[in-house]
Amino acid sequence: MQASTIIAPEIEVPEGQEYVRRGGPDADLVAKQAAKSLDQPKLADTLAALIPGECNLDLIVVGCGPAGMVLAAETAKKGLSVGLIGPDVPFVNNYGVWVDEFEAIGLRHCLDVIWQDTALYLDSDSPILVGRGYGRVSRELLRAELLERCAKAGVLYMDSSVRGIDDGATGSTVRCRNGQSVQSKLVTVASGAASGQLIEYEKGGPGVSVQTAYGIEVEIDNYPFDPTVMHFMDFRDYRGAGAGHANLDDLEEDQRPTFLYAMPITPTRIFFEETSLAARPAMSFDELKRRLYIRLKTLNLEVKTMHEEEWSYIPVGGALPVTTQPHLAFGAAANMVHPATGYSLARSLTEAPLFAAQIATALEASTGSASGSGRSMKEAACAAWDGLWSRERKRQSAFNVFGLELILRQDLDGTREFFDTFFRLPEPLWKGFLSSSLSSVDLLGFAFMMFVKGSNGLRYRLIEHLVTHPQGLRMLQVYAGVETGPKPKQLAGTVALAAFVATVAYMMTSMGGNTS
Ligand SMILES: Cc1cc2nc3c(=O)[nH]c(=O)nc-3n(C[C@H](O)[C@H](O)[C@H](O)COP(=O)(O)OP(=O)(O)OC[C@H]3O[C@@H](n4cnc5c(N)ncnc54)[C@H](O)[C@@H]3O)c2cc1C
Numbered sequence: 001m002q003a004s005t006i007i008a009p010e011i012e013v014p015e016g017q018e019y020v021r022r023g024g025p026d027a028d029l030v031a032k033q034a035a036k037s038l039d040q041p042k043l044a045d046t047l048a049a050l051i052p053g054e055c056n057l058d059l060i061v062v063g064c065g066p067a068g069m070v071l072a073a074e075t076a077k078k079g080l081s082v083g084l085i086g087p088d089v090p091f092v093n094n095y096g097v098w099v100d101e102f103e104a105i106g107l108r109h110c111l112d113v114i115w116q117d118t119a120l121y122l123d124s125d126s127p128i129l130v131g132r133g134y135g136r137v138s139r140e141l142l143r144a145e146l147l148e149r150c151a152k153a154g155v156l157y158m159d160s161s162v163r164g165i166d167d168g169a170t171g172s173t174v175r176c177r178n179g180q181s182v183q184s185k186l187v188t189v190a191s192g193a194a195s196g197q198l199i200e201y202e203k204g205g206p207g208v209s210v211q212t213a214y215g216i217e218v219e220i221d222n223y224p225f226d227p228t229v230m231h232f233m234d235f236r237d238y239r240g241a242g243a244g245h246a247n248l249d250d251l252e253e254d255q256r257p258t259f260l261y262a263m264p265i266t267p268t269r270i271f272f273e274e275t276s277l278a279a280r281p282a283m284s285f286d287e288l289k290r291r292l293y294i295r296l297k298t299l300n301l302e303v304k305t306m307h308e309e310e311w312s313y314i315p316v317g318g319a320l321p322v323t324t325q326p327h328l329a330f331g332a333a334a335n336m337v338h339p340a341t342g343y344s345l346a347r348s349l350t351e352a353p354l355f356a357a358q359i360a361t362a363l364e365a366s367t368g369s370a371s372g373s374g375r376s377m378k379e380a381a382c383a384a385w386d387g388l389w390s391r392e393r394k395r396q397s398a399f400n401v402f403g404l405e406l407i408l409r410q411d412l413d414g415t416r417e418f419f420d421t422f423f424r425l426p427e428p429l430w431k432g433f434l435s436s437s438l439s440s441v442d443l444l445g446f447a448f449m450m451f452v453k454g455s456n457g458l459r460y461r462l463i464e465h466l467v468t469h470p471q472g473l474r475m476l477q478v479y480a481g482v483e484t485g486p487k488p489k490q491l492a493g494t495v496a497l498a499a500f501v502a503t504v505a506y507m508m509t510s511m512g513g514n515t516s
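Numbered per our numbering, the sequence shown spans residues 1 to 516.
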């Protein structure tokens, strides 16, 4: 069972992309966020203990975040014997989700606040009402729900961090920091965005970007917005539009755009968050905090009581996992975070049953591999990987990374214009884009409609981005299926696709439209 080994070294000095994924220069605050102590039941008090050598495991899931817990429960429900290994820590992040997405997977009862509508402010004081309900996930309720599902399905649990995985033809050995080793047929890593020591990612492509946000849950008087509406994205200038405003622009060191995200829990208890949608390098928490307090001052708001601070650090984009490696990944570890929004919670919860079925099928097909009649565990893993990151999913991801790279190039005005156009698209398009549910063909329609609805300025930037950014060509290659060494026929397909996009673009530009 020792064909290949990936071991997390005892002294971890992350480099390159992994350094960024762990928090870069803000790694201490990222660690502080992860180490928050909240009163939630211990997994070890509810789940039966995983004792090495006493069980014959089909699957080990590494990591007890939402992705790991839901996958453990779903695979165990399929009849697999499943072990869950990871530190016994609470859910600490303040998650927000679209209500319809949580409703669709039967988790509405895990939302502790629901807003019937969602508001967006670009550069005027009139909100754009999106017409979609938004909810705050109760960390306690979601974790309790997933824990109950794990318990019911018979998931076994061990409280330890994992330091390495040894993969062999008939199974894998998970080596834990508590000194124990546990064997199983397959392993799925769900240890979050910074999993580079357990999972191998593709080389090349654009580097990882980061969505950062500094948040505070506070008591205030005179909340200036409608407390029954989710204040989703407020791109108005955090310094207000007062005198001297234009001159200040020149003095700002970091002119990258940020927006206010505010959840009115009650009319006086508010979760405010200043957010950088995506940046490379990441915008620092210091800068976000500075902007948030200036914004509150501009709004004449004074913090009376501080309940909680949040340091939200979400790596977005970057490389996909290598889909031929012998163990699997899920959730943020599998780069399932939407590159252009930073969301992944609803996607992981929604896709877990399907991925669980793919794992179960792959394992079933491997039965008898010892006698040569079935597939090896590596082949089983590859089959499951193909389900999670199919060609179609890779096309969607390439498109979304193209979108992310476009967002990274926008200044404040460009960002406002982008979202103004985005929310004027037909509802199924913008909703589908946010939910990662548009097919790769739908996404071309989405781009086309952005082009049609956008100003000439936005059209120009879209075309320029497609033609000049390496991700433009990469996206076309992935769509044409020639990302690794084009064959002449496929190359012709890429060129034809590029020519088609350019022709449509040219025609639309010549037809005129909004001007910016
Ligand atoms: C503050 C914050 C707010 C966010 N808000 C939203 C939001 O509103 N909506 C949304 O959709 N997304 C949001 N995200 C992004 C994303 O959905 C979350 O990061 C989500 O928690 C990812 O789930 P996960 O289970 O994949 O990983 P994680 O939640 O990161 O869980 C990983 C688990 O693995 C464990 N682990 C780590 N290393 C090891 C190891 N070596 N061995 C064993 N276990 C290990 C960790 O202790 C942790 O329990 C937010 C992220 C952050 C940080």
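Don't be surprised by glycine CBs; every beta carbon is placed ideally from N, CA and C.
On a predicted model such as this, the values are computed, not experimentally measured, just so you know.
Option nearest residue i by Cα separation, candidates the options
i: residue 360; options: 196, 72, 310; result: 72
i: residue 18; options: 228, 81, 79, 193; result: 193
i: residue 29; options: 483, 60, 215; result: 215
i: residue 197; options: 415, 390, 472, 334; result: 334
i: residue 402; options: 479, 432, 365, 347; result: 479
i: residue 302; options: 472, 350, 223, 195; result: 223
i: residue 211; options: 407, 444, 438; result: 407
i: residue 451; options: 433, 475, 418; result: 418
i: residue 320; options: 350, 393, 267, 280; result: 393
i: residue 395; options: 166, 98, 437, 23; result: 437
i: residue 114; options: 137, 477, 429, 178; result: 137
i: residue 89; options: 103, 476, 33; result: 33
i: residue 439; options: 477, 165, 398; result: 398
i: residue 229; options: 266, 105, 195; result: 266
Buried versus exposed call for residue i [16 or more other C-beta atoms within 10 Å across all chains shown]
i: residue 15; result: exposed
i: residue 470; result: exposed
i: residue 158; result: buried
i: residue 199; result: buried
i: residue 453; result: buried
i: residue 336; result: buried
i: residue 31; result: exposed
i: residue 152; result: exposed
i: residue 130; result: buried
i: residue 221; result: exposed
i: residue 191; result: buried
i: residue 48; result: exposed
i: residue 297; result: exposed
i: residue 318; result: buried
i: residue 420; result: buried
Backbone CA spacing between residue i and residue j [nearest angstrom]
i: residue 77; j: residue 427; result: 35 Å
i: residue 386; j: residue 355; result: 10 Å
i: residue 112; j: residue 219; result: 18 Å
i: residue 515; j: residue 460; result: With a pLDDT of only 34 at residue 515, under 50, the local geometry of the prediction cannot be trusted, and no value is derived from it.
i: residue 20; j: residue 170; result: 35 Å
i: residue 462; j: residue 405; result: 11 Å
i: residue 175; j: residue 162; result: 6 Å
i: residue 246; j: residue 411; result: With a pLDDT of 42 at residue 246, under the threshold of 50, the modelled position of this residue cannot be trusted, and the question is left open.
i: residue 485; j: residue 63; result: Here the model assigns residue 485 a pLDDT of 49, short of 50, so the residue's position is not dependable, and the following value carries that caveat. When rounded, the distance between both Cα atoms is 36 Å.
i: residue 150; j: residue 43; result: 10 Å
i: residue 423; j: residue 134; result: 16 Å
i: residue 213; j: residue 154; result: 37 Å
i: residue 168; j: residue 325; result: 11 Å
i: residue 204; j: residue 322; result: 12 Å
i: residue 415; j: residue 271; result: 24 Å
i: residue 348; j: residue 87; result: 20 Å
i: residue 99; j: residue 117; result: 10 Å
i: residue 23; j: residue 384; result: 30 Å
i: residue 41; j: residue 441; result: 44 Å
i: residue 435; j: residue 26; result: 29 Å
i: residue 363; j: residue 147; result: 25 Å
i: residue 50; j: residue 468; result: 53 Å
i: residue 572; j: residue 432; result: As displayed, the chain neither begins before 1 nor continues past 516, which places residue 572 out of reach and without an answer.
i: residue 316; j: residue 338; result: 7 Å
i: residue 376; j: residue 173; result: 15 Å
Cβ-Cβ separation, residue j to residue i (assumed contact under 8 Å), whole Å
i: residue 52; j: residue 182; result: 5 Å
i: residue 308; j: residue 217; result: 4 Å
i: residue 465; j: residue 457; result: Contact doesn't hold; Cβ gap of about 13 Å is too wide.
i: residue 177; j: residue 160; result: 6 Å
i: residue 476; j: residue 449; result: Contact doesn't hold; Cβ gap of about 19 Å is too wide.
Exercise. On the three-pair Cβ rule with 8 Å, is the segment 321-334 touching the segment 287-306?
Worked result: no
For this session: Kindly confirm or deny that the segment 25-40 and the segment 58-71 touch, where touching means at least three C-beta pairs closer than 8 Å.
Result: no
Problem set entry | Touch test, the segment 233-241 against the segment 251-263, Cβ-Cβ under 8 Å, three pairs minimum | yes
Problem set entry | Stretch pair the segment 102-109 + the segment 78-92: three plus CB contacts closer than 8 Å | no
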